[in-house]
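Enquirer:
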Amino acid sequence: MHHRTVEELMTRDVVRARRDTPFKELVRLLAENDVTAVPVVDDLDRPMGVVSEADLLRKSADQADPSGRAPVPNLEAWERAKAEGSIAEELMSAPAVCARPEWTVVEAARLMEAQHVKRLPVVDEADRLLGIVSRGDLLRVFLRRDDAIREEITGDVLRRTMGLEPSDVTVEVRGGRVALGGSVEYRSLIPVIEQLCRGVDGVVSVAADIAYREDDARRSSTGT
0 MHHRTVEELM
10 TRDVVRARRD
20 TPFKELVRLL
30 AENDVTAVPV
40 VDDLDRPMGV
50 VSEADLLRKS
60 ADQADPSGRA
70 PVPNLEAWER
80 AKAEGSIAEE
90 LMSAPAVCAR
100 PEWTVVEAAR
110 LMEAQHVKRL
120 PVVDEADRLL
130 GIVSRGDLLR
140 VFLRRDDAIR
150 EEITGDVLRR
160 TMGLEPSDVT
170 VEVRGGRVAL
180 GGSVEYRSLI
190 PVIEQLCRGV
200 DGVVSVAADI
210 AYREDDARRS
220 STGT
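Numbering-wise (numbering that gives the first Met the number 0), the sequence shown opens with residue 0 and increments by one.
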């Protein structure tokens, strides 16, 4: 099976900032390029961190309200330092959480979830910036055509991986939802087929109504 890689999905023409890029220039970069964050790189083009709209807005949130209606927030020390920062190195979220171009969508998505970030700079073996991949980029796999998903399941999963004939298991795909039918020799094959189908790029859900001719799970549990 072919899984889309970060390299296939990432944006290559990356808007970046230097460590000494001033606050107003950062705001201009975001506005003019219609992005919500930019990586901050060192002199060797290696990501040091990321400056996002949220990082920049801390400066506004830290200002006193002229009307007196909104109290000044009680910021922690690191938040106060960011609010008082004036260049990218002082404002960015660091260190940069990065991905490799050969990673699959699953690997990148799990890192985003674990680190609570919305985007990942993509770096090469020397940690130089190659691109950037966002949540929206990863979601593009779900725009994959139903017929392409069906062909991969029928050819790669069922025939080449499981050794099944097309007549054994039927496959219908609508809106990324996979419905499996037919019958197989052993009951234990059914959860394996379901799991492999869930791993196909673009699959939203899998429902299996597959019959079996022998309950090998019961046989192994009784030791006969």
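Yeah, the Cβ is synthetic: ideal placement off N, Cα and C, and Gly gets one too.
Would a C-beta distance cut-off of 8 Å place H128 and R45 closer than the cut-off?
Expert: First, the residue type needs correcting, since residue 128 is Leu and not His in the sequence shown. Yes, the pair counts as a contact, with Cβ atoms nearer than the cut-off.
Enquirer: Between the beta-carbon of G48 and the beta-carbon of A82, is there less than 8 Å?
Expert: Cβ distance not < 8 Å, so G48 and A82 don't count as in contact.
Enquirer: For T20, I'd like the list of residues in its chain whose CB is within less than 7 Å of its CB, leaving aside the five on either flank, ordered along the chain.
Expert: These residues qualify, in order along the chain: I86 and A87.
Enquirer: Kindly indicate which residue of V105, E52 and P165 has the alpha-carbon position closest to the one of L25.
Expert: Selected option, being the one with the closest Cα: E52.
Enquirer: Quick check: what's the CA-CA separation for L90 versus R18?
Expert: The alpha-carbon atoms of L90 and R18 are separated by roughly 9 Å.
Enquirer: Looking only at its own chain, which residues have a Cβ that is under 8 Å from the Cβ of P28, when we skip the five neighbours before and after it?
Expert: Pro is not the amino acid found at residue 28; the sequence shown has Leu there. These residues qualify, in order along the chain: V14, A16, T20, V34 and V37.
Enquirer: How many angstroms separate the CA atom of E106 from the CA atom of E213?
Expert: E106 and E213: Cα-Cα distance of roughly 37 Å.
Enquirer: Pull up the distance between the alpha-carbon of G175 and that of D146, whole angstroms please.
Expert: Rounded to the nearest angstrom, the two C-alpha atoms are 10 Å apart.
Enquirer: Less than 8 Å between the CB atoms is what I'm expecting for V132 and V121, so what's the real figure, rounded?
Expert: That belief holds up - the Cβ atoms of V132 and V121 are roughly 6 Å apart, short of 8 Å.
Enquirer: Mapping the DSSP letters down to three states, classify R130 as helix, strand or coil.
Expert: Here residue 130 turns out to be Gly, not Arg, going by the sequence shown. Strand, per DSSP.
Enquirer: Expressed to the nearest angstrom, what Euclidean distance is found between the alpha-carbon atoms of E7 and R109?
Expert: C-alpha separation (whole angstroms): 18 Å.
Enquirer: So, using beta-carbon positions, are I189 and Y211 closer together than 8 Å?
Expert: Going by C-beta atoms, I189 is nearer than 8 Å to Y211.
Enquirer: What's the call for E151, buried or exposed, on a 16-neighbour Cβ count within 10 Å?
Expert: E151 comes out buried.
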